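**Student:** Okay, here's the structure, questions in a sec.
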Amino acid sequence: MKDLRTFSIVAADPATGECGVAVASKFLSVGAVVPWARAGVGAVATQSFANTGYGPQGLDLLADGLEPDTVIQRLTSTDADKDKRQVGIVDMHGGSATYSGTACFPWFGGRTVKGVAVQGNILVSEKTVDDMLEAFRRSGGTLAVRLLSALAAGDRAGGDSRGKQSAAILVVKPEGGYGGFNDRYVDLRVDDHASPVAELQRVYELWRLYFEKPPDDQLVAVDAGLATELREGLRRLGYDPGPGTAWDGQARAAFTAYSEKENLEERLRADGRTDRQVLAYFRAHLKRP
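FYI, in the working numbering the residues of the sequence shown are 45 to 333.
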């Protein structure tokens, strides 16, 4: 078994019902091993000769009402290799715990505050976990944004002493998955990359573009000038906005067809306004060779 040289953060936001994990490592496809989470229950990061059973078993124990530190005690009590393991756990009530076996490779260790656990092994220094926790506490925005901010801080602080290879983020919430059919709200991985944390941030921005609904302050009215721009652009891209210059039903239908083809339907509006990010995407599309 390969040692999973890793730094991770697990956190929960009871106000939004979200919980999740962000992780990076000098290890292929770390997202397939370390992060586990269940809506309404909590999140687990299992690493350092990772016992992947800690993920589902830990979530089951949390669901049964055990505190995170008790869950870790229960998991490690029957594990012959517990001294090699590292794990962080949070629940949806502010509970958090982290564990590092004495046989983990240095630097290893973790930090906890209410609703957050940060841990790592074979790190350049403890500055990695300290900076991660501080970045999470200082950052604003959604849980995913804060997790990625923490991961980036750990990466800047040195991270895994052997280098970089993969990164992942998993955030769950009730009915958070595509179509509301499961809880997997954000589930993104970079399996093999020279700069995996930066690449994960780039992929997350794509996720936001494709799946987040635009806030009201990002919407703009389609006035006469913008209508002309959109109509001309649609024609160049092979869509028929109809005759005239107005942003009428046929023009909107053409823009809807374009947006759906580009997987931007989550950002469509029926009130005649358009989203700034869709507009930026549309303009960039027109500049492609």
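All residues carry an ideal CB built from backbone N, CA and C; glycine is no exception. Since the structure is predicted, the reported quantities are computational estimates derived from the model, not experimental observations.
Examine chain D for any beta-carbon lying closer than 8 Å to the beta-carbon of L167, and answer yes or no.
**Tutor:** This model lacks chain D altogether, as it is built from one protein chain only.
**Student:** Run through DSSP, which three-state label would A141 get?
**Tutor:** Of the three classes helix, strand and coil, the one that applies to A141 here is strand, per DSSP.
**Student:** Any chance the stretch 211-222 sits against the stretch 173-192, with 3 or more Cβ pairs inside 8 Å?
**Tutor:** At 8 Å Cβ cutoff, the stretches touch.
**Student:** At a cut of 8 Å, does the stretch 167-185 reach the stretch 73-89 through at least three beta carbon pairs?
**Tutor:** In short, these stretches do not touch, since the Cβ pair count stays below three.
**Student:** How about V115 and A94: are their beta carbons less than 8 Å apart?
**Tutor:** Contact flag unset, no.
**Student:** Between which two residues does the beta strand (DSSP E) carrying A91 extend?
**Tutor:** It is worth fixing the name first, because residue 91 is Gln in this sequence and not Ala. Residues 86-91.
**Student:** Could you check if Y98 is buried or exposed, using at least 16 other CB atoms within 10 Å of its CB as the buried criterion?
**Tutor:** Burial call: buried.
**Student:** Suppose only complete runs of 4+ residues qualify. What are the alpha helix (DSSP H) ranges in the stretch 244-326, listed by chain order?
**Tutor:** Runs of the alpha helix (DSSP H) inside the stretch 244-326: 268-280, 293-305.
**Student:** Tell me the rounded alpha-carbon separation between F326 and G185.
**Tutor:** One C-alpha to the other measures close to 26 Å.
**Student:** My guess is that G300 and L281 are in contact by the Cβ rule of under 8 Å, so how many angstroms apart are they, rounded?
**Tutor:** Note on residue identity: the sequence assigns Thr, not Gly, to residue 300. Incorrect: roughly 13 Å between the Cβ atoms, too far for contact.
**Student:** According to the neighbour-count rule (16 or more other Cβ atoms, all chains shown, within 10 Å of its Cβ), is V131 buried or exposed?
**Tutor:** Buried, because 16 or more other Cβ atoms sit within 10 Å of the Cβ of V131.
**Student:** Let me confirm a value: A68 is counted as buried when at least 16 other C-beta atoms fall within 10 Å, else exposed. Which label applies?
**Tutor:** By the 10 Å Cβ count, A68 comes out buried.
**Student:** I need the DSSP call for Q209, collapsed to helix, strand or coil.
**Tutor:** Coil at Q209, not helix or strand.
**Student:** With a Cβ-Cβ cutoff of 8 Å, do L278 and A297 count as a contact?
**Tutor:** No, Cβ-Cβ distance for L278 and A297 is not below 8 Å.
**Student:** Going by Cα to Cα distance, which pick from P287, A314, P258 is closest to Q321?
**Tutor:** The shortest C-alpha separation from Q321 is found at P258.
**Student:** What does the alpha-carbon distance come out to for the pair A290 and E310?
**Tutor:** Approximately 24 Å between the Cα atoms of the pair.
**Student:** Are G64 and L187 touching if we call contact CB-CB under 8 Å?
**Tutor:** Against a cut-off of 8 Å, the Cβ pair of L187 and G64 comes out as a contact.
**Student:** For the beta strand (DSSP E) that Y229 lies in, which residues bound it at each end?
**Tutor:** That run of the beta strand (DSSP E) goes 228-234.
**Student:** So which of W80, T146, Y248 has the shortest CA-CA distance to V234?
**Tutor:** Of the candidates W80, T146, Y248, the one whose C-alpha sits nearest the C-alpha of V234 is Y248.
**Student:** At which residues does the beta strand (DSSP E) containing S69 begin and terminate?
**Tutor:** Element bounds for S69: 62-69.
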